[in-house]
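Taken in sequence, the protein lines are chains A and B. Count the first sequence with numbering that gives the first Met the number 0 and you get residues 0 to 409, in order. Count the second sequence with numbering that gives the first Met the number 0 and you get residues 0 to 409, in order. Cβ coordinates follow ideal geometry from the N, Cα and C atoms, glycine included. One structure is given below, encoded as structure tokens.
There are 2 protein chains.
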Amino acid sequence: MSEARLSADRLLRRLAELAAVGDTGDGGCSRLALTDDDRRGRDLVARWMRDLGLIVTIDAIGNVVGTQPGFDDGVAPVMCGSHIDTVATGGRYDGNYGVLAGLEVIEAVQTAGVPLPRPLAVAFFTNEEGSRFAPDMLGSLAFVGGIAVEAAHDIVGIDGARIRNELARIGYLGGAPLPAAAPHAFVELHIEQGPILAAEGTAIGAVTGVQGISWREFTVTGQSNHAGTTPMRLRRDPLLVAAETAVAVRRIVAEMGDPQVGTIGRIDLDPNLVNVVARSATFTVDLRNTDDALLRSAEARVAEAIEYLAAAEGATVTSRPLARFEPVAFDETVVCLVETVARERGLTVRRMPSGAGHDAQMLARVCPTAMVFVPSVDGISHNPAEHTAPADLTAGAEVLAEVMIRLART
Amino acid sequence: MSEARLSADRLLRRLAELAAVGDTGDGGCSRLALTDDDRRGRDLVARWMRDLGLIVTIDAIGNVVGTQPGFDDGVAPVMCGSHIDTVATGGRYDGNYGVLAGLEVIEAVQTAGVPLPRPLAVAFFTNEEGSRFAPDMLGSLAFVGGIAVEAAHDIVGIDGARIRNELARIGYLGGAPLPAAAPHAFVELHIEQGPILAAEGTAIGAVTGVQGISWREFTVTGQSNHAGTTPMRLRRDPLLVAAETAVAVRRIVAEMGDPQVGTIGRIDLDPNLVNVVARSATFTVDLRNTDDALLRSAEARVAEAIEYLAAAEGATVTSRPLARFEPVAFDETVVCLVETVARERGLTVRRMPSGAGHDAQMLARVCPTAMVFVPSVDGISHNPAEHTAPADLTAGAEVLAEVMIRLART
Numbered sequence: 000m001s002e003a004r005l006s007a008d009r010l011l012r013r014l015a016e017l018a019a020v021g022d023t024g025d026g027g028c029s030r031l032a033l034t035d036d037d038r039r040g041r042d043l044v045a046r047w048m049r050d051l052g053l054i055v056t057i058d059a060i061g062n063v064v065g066t067q068p069g070f071d072d073g074v075a076p077v078m079c080g081s082h083i084d085t086v087a088t089g090g091r092y093d094g095n096y097g098v099l100a101g102l103e104v105i106e107a108v109q110t111a112g113v114p115l116p117r118p119l120a121v122a123f124f125t126n127e128e129g130s131r132f133a134p135d136m137l138g139s140l141a142f143v144g145g146i147a148v149e150a151a152h153d154i155v156g157i158d159g160a161r162i163r164n165e166l167a168r169i170g171y172l173g174g175a176p177l178p179a180a181a182p183h184a185f186v187e188l189h190i191e192q193g194p195i196l197a198a199e200g201t202a203i204g205a206v207t208g209v210q211g212i213s214w215r216e217f218t219v220t221g222q223s224n225h226a227g228t229t230p231m232r233l234r235r236d237p238l239l240v241a242a243e244t245a246v247a248v249r250r251i252v253a254e255m256g257d258p259q260v261g262t263i264g265r266i267d268l269d270p271n272l273v274n275v276v277a278r279s280a281t282f283t284v285d286l287r288n289t290d291d292a293l294l295r296s297a298e299a300r301v302a303e304a305i306e307y308l309a310a311a312e313g314a315t316v317t318s319r320p321l322a323r324f325e326p327v328a329f330d331e332t333v334v335c336l337v338e339t340v341a342r343e344r345g346l347t348v349r350r351m352p353s354g355a356g357h358d359a360q361m362l363a364r365v366c367p368t369a370m371v372f373v374p375s376v377d378g379i380s381h382n383p384a385e386h387t388a389p390a391d392l393t394a395g396a397e398v399l400a401e402v403m404i405r406l407a408r409t
Numbered sequence: 000m001s002e003a004r005l006s007a008d009r010l011l012r013r014l015a016e017l018a019a020v021g022d023t024g025d026g027g028c029s030r031l032a033l034t035d036d037d038r039r040g041r042d043l044v045a046r047w048m049r050d051l052g053l054i055v056t057i058d059a060i061g062n063v064v065g066t067q068p069g070f071d072d073g074v075a076p077v078m079c080g081s082h083i084d085t086v087a088t089g090g091r092y093d094g095n096y097g098v099l100a101g102l103e104v105i106e107a108v109q110t111a112g113v114p115l116p117r118p119l120a121v122a123f124f125t126n127e128e129g130s131r132f133a134p135d136m137l138g139s140l141a142f143v144g145g146i147a148v149e150a151a152h153d154i155v156g157i158d159g160a161r162i163r164n165e166l167a168r169i170g171y172l173g174g175a176p177l178p179a180a181a182p183h184a185f186v187e188l189h190i191e192q193g194p195i196l197a198a199e200g201t202a203i204g205a206v207t208g209v210q211g212i213s214w215r216e217f218t219v220t221g222q223s224n225h226a227g228t229t230p231m232r233l234r235r236d237p238l239l240v241a242a243e244t245a246v247a248v249r250r251i252v253a254e255m256g257d258p259q260v261g262t263i264g265r266i267d268l269d270p271n272l273v274n275v276v277a278r279s280a281t282f283t284v285d286l287r288n289t290d291d292a293l294l295r296s297a298e299a300r301v302a303e304a305i306e307y308l309a310a311a312e313g314a315t316v317t318s319r320p321l322a323r324f325e326p327v328a329f330d331e332t333v334v335c336l337v338e339t340v341a342r343e344r345g346l347t348v349r350r351m352p353s354g355a356g357h358d359a360q361m362l363a364r365v366c367p368t369a370m371v372f373v374p375s376v377d378g379i380s381h382n383p384a385e386h387t388a389p390a391d392l393t394a395g396a397e398v399l400a401e402v403m404i405r406l407a408r409t
């Protein structure tokens, strides 16, 4: 038992209350970054922070941090947090859970009067999803000094809106310094958004890091022809090259083994007609690995395969990178602490990488950082059907509480 | 030398004049069936028919036939013809060439005063392309009694227009009986729309028949997942099944050899995003063969492959037929006559099936029928770049003339 007693009811009630802002009516939630719905969500969570007596600071990219008062300025807080913006067809747990669980941890610690030598803090970072503005994880990137404020302010969204204007419009263009002072440590509690914990019946994931991501778009150009009148020997079919590449990606990934994954999720043929051999096929390859050398090897093998396959069909290939993030390794001490705390509480726990990007990977640049995952039913996320059982939500929050308390004592 | 001397200039001039109707400004032509542009094209060609002194009849589906006068009613004509409707991005030769060459043949025969025991006739059939109304080859289908007039009249186009209304609107709802009396023989002169003649440097194709066509749409349903968080072993990726099917189609077709062809020309993923394993993949398989038993075998092998591949990935498959036409064999006597006439004129000639559908396949149901192909530069058709060299156009028309004259004497 932790010294602090969390209220599962309060956590679930706050999750429901926040989910009501931007409610899509199908169990889901839509609060794109810096929209009016995002403002209403922010106002609600900031009010809860102030109701707790936290010092609420807002920086120039709209990140909001609530910190326990009563400590000297130089004492770095143990921070948790995540984001409260969502994708257009978002669920109610992605991001929100980590923020509201952090709020609950601080409330429980304060209620119990647990004496700590450091303040606890909870943050929500701007535009983690990247659905309205690119890049994603923008707020936490700026928080750690990874992008200049002016550059971030000039970013224009999919609807033509500029970040600085939207921040000012919704009242979240704050004055707290950027980059921010580094926390003592950072822990992000999050739903897994994948199927592993749920499939195994494991309660807690001690996240060891974030996979490196390589997104590349390939365009194979062959020759458009009539599907009836063109003999097979005269064809230069870009769809065949794309298909053979998809098969090759699966084979390469299988040969490399876990944690290498590879996905062709998008393909567009031109002209995409039943009776026409396509002129060109444009498709994306998404490769991820926790080891950057292995990720580079996968990239090279896929590129080599597609060049070979295209040449064999008499087609040509061009490509352009869409995104490239190196893997992030979390702090071994904090990862271990998550495992230890989970085991002490009788929870099943496993180490695992995160396949998705998270704000924690930015914070990892400036302080000891790790993440705690809880199961996602059927691995579903970014979807109104996103769900985590209340018992799992509570277990994750209790692990977060104990990890933060122990970190505050180091 | 034929008894009739064709005027290459007049043929080319008429091709250019007809192409000016619906000119797309890029060398191409757009006269969708029963539109105002189609009416202007029809009016022009019907005027040329009347200028030649032909008896012009229009039936209830808008087919227009120009027949030499001065013969007893019971004497069936030797007919040639094709269509003058085009696809939206059509060229100037597809269809038009066969009609205007037929007009030229009759003008030359009349000018030379070649005595024939049967009239010659030239027809253009309604909605051969099928771009506005389905099915394609509708006019010739109705001409031979393959569809009831009422059913044809009720067909609604992609723009919501009904065939009967459009026929009346443009003045081509005629009174000639349907099904029409069978001609003595039918010959369709057409550009190949494929690369074979041009690639070989062969001047004339003696078309032995039309390939059977099987179009089927498959939908593979797997499970949509996050591309980063879902381990490969838990994936049910419909794109992979589609890709493996494309590879299997190429293999099956290669094993079967010419004239079997197979094409996957259309594929749509849902949701088609770079970082999401698709929920479903919908794609089409176009299979063609001149032998129906072999075509059925190809269909069965593809269906078997996709079922196997889907099961291996834990995905499910549904399918629906989009179109199915049995192969058509042309009349051996007329095919031979085309070969003979071409050789007599010192032209290179080869027998070949047609990979595309043509009005001649409908006429083949009621009279001895064949087709004459001329080369398409690079096999390009249904495209503003569609081109056939003037010398090839003239050679084809001269073969048509001599074939029709000889058929009229049998």
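Tell me the start and end of each unbroken beta strand (DSSP E) in the region 93 to 130 of chain B that is at least 3 residues and wholly inside, in chain order.
119 to 123
Could you pull out every residue in the same chain whose Cβ sits closer than 7 Å to the Cβ of L268/A, ignoring the five residues on either side in sequence?
L238, A277, A280
Would you mind stating whether F185/A and T387/A have Cβ atoms separated by less than 7 Å?
no
Distance check for P320/A and V240/B, CA to CA, integer angstroms please.
26 Å
Hey, is V252/B's beta-carbon within less than 7 Å of any beta-carbon in chain A?
yes
Is S139/B near the ligand HEM, in the sense that its beta carbon is under 6 Å from a heavy atom of that ligand?
Among the components of this structure there are no ligands whatsoever, and the ligand HEM is therefore not found.
Along the region 225 to 245 of chain B, where does the CB come closer than 9 Å to a CB of chain A? Name the residues.
H225, A226, G227, T228, T229, P230, M231, R232, L233, R234, D236, L238, L239, A241, A242, E243, T244, A245
Any C-beta of chain A under 7 Å from that of D285/B
yes
Exposed or buried, which one is E165/A when buried takes at least 16 other CB atoms within 10 Å?
buried
If I measure Cβ to Cβ from A180/B and keep anything under 7 Å in the same chain, skipping five residues before and after, which residues do I get?
A75
7 Å CB neighbourhood of D25/A in its chain, flanking five on each side removed
P383
Reference I379/B; option with closest CA among I105/B, I195/B, D37/B:
I195/B
Are the C-beta atoms of R342/B and some chain A residue less than 7 Å apart?
no
For A407/A, is the classification buried or exposed, using 16 other Cβ atoms within 10 angstroms of its Cβ as the cut-off for buried?
buried
Cβ neighbour criterion (16 or more within 10 Å) applied to T228/A:
buried
Between G94/A and D84/A, which are expected to be in contact by the criterion C-beta below 8 Å, what is the C-beta distance as a whole number of angstroms?
7 Å
Report the rounded CA-to-CA distance for A363/B versus F124/B, giving the unit in angstroms.
14 Å
Can you name, in chain order, every residue of its own chain whose Cβ lies under 7 Å from the Cβ of M0/B, other than the five neighbours on each side?
Low confidence applies to M0/B: its pLDDT is 44, below 50, so where it sits in the model is not reliable enough to give any reading.
Name the DSSP beta bridge partners of L286/A, please?
S213/A, G261/A
Residues that P352/B bridges to, as DSSP identifies them
G208/B
Please classify M410/A: does DSSP put it in a helix, a strand, or coil?
Nothing can be reported for residue 410/A: it is not among the residues displayed for chain A, which extend from 0 to 409.
Given 8 Å as the limit, is there contact between the region 209 to 226 of chain B and the region 279 to 295 of chain B, that is, 3 or more CB pairs closer than that?
yes
With DSSP as the reference, label T66/A as helix, strand or coil.
strand
Determine the direct distance from the alpha carbon of A226/A to that of D36/B, and round the result to whole angstroms.
28 Å
For L399/B, three-class secondary structure by DSSP:
helix
Against chain A, with Cβ distances strictly below 7 Å, would G193/B count as a contact?
yes
At a CB-CB cut-off below 9 Å, which residues of chain A make contact with G354/B?
H225, A226, G227, T228, T229, P230
If you measure from the beta carbon of M0/A to each beta carbon in chain B, is any gap under 7 Å?
With a pLDDT of 44 at M0/A, under the threshold of 50, the predicted position of this residue should be treated as unreliable, though the coordinate-derived value follows. M0/A does not count as touching chain B.
Where the beta strand (DSSP E) through H189/A begins and ends:
184 to 190
What's the call for R235/A, buried or exposed, on a 16-neighbour Cβ count within 10 Å?
buried
Compare the C-beta of N274/B with all C-beta atoms of chain A and state if any pair is closer than 7 Å.
yes
Is P320/B helix, strand or coil when you go by DSSP?
strand
By the DSSP assignment, the alpha helix (DSSP H) with S296/B in it spans what residues?
291 to 312
If E312/A and G221/A are in contact, beta carbons under 8 Å, what's the gap, nearest whole angstrom?
6 Å
Closer than 7 Å, CB to CB, is R265/A near chain B or not?
yes
Quick check on DSSP: helix, strand or coil for G89/A?
strand
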